[in-house]
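Chemist:
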Ligand code: Q0Z
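Numbering (the working numbering), first residue to last: 38 to 358.
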């Protein structure tokens, strides 16, 4: 007999659209862990002790090889994507450790997810998506065109798609349920949610993380247009903000190739451009607006995309993947 998956414990309902193209993607059985949640591209497990009780203060964060484009999950997966992004995030945590403490406990994880999982401190997560923008595009550009400002910060005139901002701007959003889109929050709404002191610290740290990221990345041929970070606090109330989740990866940030940067039009994506170009080309036979699931990616697009993730990792860190 098959039992329904309990809603809070299973794969969220909104995954149904992704499962339309990924019917085989069930949570892994990891010895010593229980699956608790799956996001679009990552999965969350809780460690279980020898008596089968959940370990209350830790989580296992697993990066999958899944890739989304135009709000669809692609098939097949991108080999090594989860491992590349996990190693990149760990490297950034180190680069940022003088700015903010992080949630990493250990990379000693089950063999089935070796290299693409991290054991972390379970925190009380702030109910704000902390976003900072260093270049103008996407939702920030729309807001600028309508109001001349982003998240209440007045910007210079005549900026265009891809313009570098004088300094990073904090543009927080709500945390919408999986599958729904986050909505902009005003700074006053962030203060109402977190209190003025924590709001100011979240804004300062988010902008400092993006500024540091760009100082390092620009020398290595990558621009980080914007990024989303997540903060938490210890459940016992001790200590300040802790940087959680992933940080400065192509999944949490817009990476642009610096040599192709040309304000005035949308910039190519460092990691997803081969996928987007193929999906919108006549060869794919697919239309973004059809409402139909996209076709399987050809092997050459999968390989080119894998190579871009590896290239970003190697350029940024100076290490061989
Ligand atoms: C992160 C997410 C998913 C991976 C919860 N240190 C932490 N403490 C408490 N909660 C989290 C973290 Cl990182 C936490 N997420 C986002 C969802 C897979 C990460 F399905 N959710």
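From the three backbone atoms N, C-alpha and C, an ideal C-beta is built for every residue, glycine too. Just so we're clear, the structure is a prediction, and the values are computed from it rather than from any experiment.
(1) Suppose only complete runs of 4+ residues qualify. What are the alpha helix (DSSP H) ranges in the segment 71-138, listed by chain order?
(2) At a cut-off of 6 Å, would you count residue 382 as near the ligand Q0Z, judging by its Cβ distance to the nearest heavy atom?
(3) Could you pull out every residue in the same chain whose Cβ sits closer than 8 Å to the Cβ of residue 92, ignoring the five residues on either side in sequence?
(4) Starting from residue 293, trace the beta strand (DSSP E) in both directions and tell me its first and last residue.
(5) First and last residue of the beta strand (DSSP E) that includes residue 267?
(6) Suppose only complete runs of 3+ residues qualify. What are the beta strand (DSSP E) ranges in the segment 201-261, listed by chain order?
(7) Is residue 81 near the ligand Q0Z, going by C-beta to nearest heavy atom under 6 Å?
(8) Three Cβ pairs or more, each shorter than 8 Å: is that satisfied between the segment 161-175 and the segment 209-220?
(9) Per DSSP, what are the beta-bridge partners of residue 281 in this structure?
(10) List the whole-angstrom C-beta distance separating residue 311 from residue 341, where the pair is believed to meet the contact cut-off of C-beta under 8 Å.
(11) Would you mind working out which of 170, 283, 115 sits nearest residue 190, comparing C-alpha positions?
(12) What's the gap between the Cα of residue 196 and the Cα of residue 300?
(13) Apply the 10 Å Cβ neighbour rule to residue 241 and answer buried if 16 or more other Cβ atoms are within range, or exposed otherwise.
(14) I think residue 358 touches residue 121, with their Cβ atoms under 8 Å apart; what is that distance to the nearest whole Å?
(15) Considering only residues of the same chain and omitting the five flanking positions on each side of residue 247, which have a CB-CB separation below 6 Å?
(16) Do residue 106 and residue 309 come within 7 Å of each other at the CB atom, strictly closer than that value?
(17) Would you give the residue range spanned by the alpha helix (DSSP H) that residue 160 belongs to?
(18) Based on the DSSP output, what are the partners of residue 170 in its beta bridges?
(19) Let me know if residue 72 comes out buried or exposed under the rule of 16 or more other beta-carbons within 10 Å of its beta-carbon.
(20) So for residue 318, helix, strand or coil by DSSP?
(21) Compare the C-alpha of residue 152 against each of 254, 101, 329 and name the closest.
(22) Round the Cβ separation of residue 155 and residue 123 to the nearest angstrom and send it over; I've been treating them as touching at under 8 Å.
(23) Round the Cβ separation of residue 332 and residue 322 to the nearest angstrom and send it over; I've been treating them as touching at under 8 Å.
(24) Specify whether the segment 242-261 and the segment 220-234 touch according to this definition: at least 3 beta carbon pairs, one from each stretch, less than 8 Å apart.
(25) Is the beta carbon of residue 284 sitting closer than 7 Å to the one on residue 129?
(26) Secondary structure at residue 165, three-state DSSP: helix, strand or coil?
Modeler: Checking against the coordinates, here is how it stands:
(1) 118-132
(2) Look at the range of the chain in this structure, 38 to 358, and you will see that residue 382 is not part of it.
(3) 83, 84, 85, 86
(4) 290-294
(5) 259-270
(6) 201-207
(7) yes
(8) yes
(9) 267
(10) 4 Å
(11) 170
(12) 9 Å
(13) exposed
(14) 6 Å
(15) 169, 171, 205, 264
(16) yes
(17) Residue 160 -> no alpha helix (DSSP H), and no H or E assigned at all.
(18) 206, 263
(19) buried
(20) coil
(21) 101
(22) 6 Å
(23) 7 Å
(24) no
(25) yes
(26) coil
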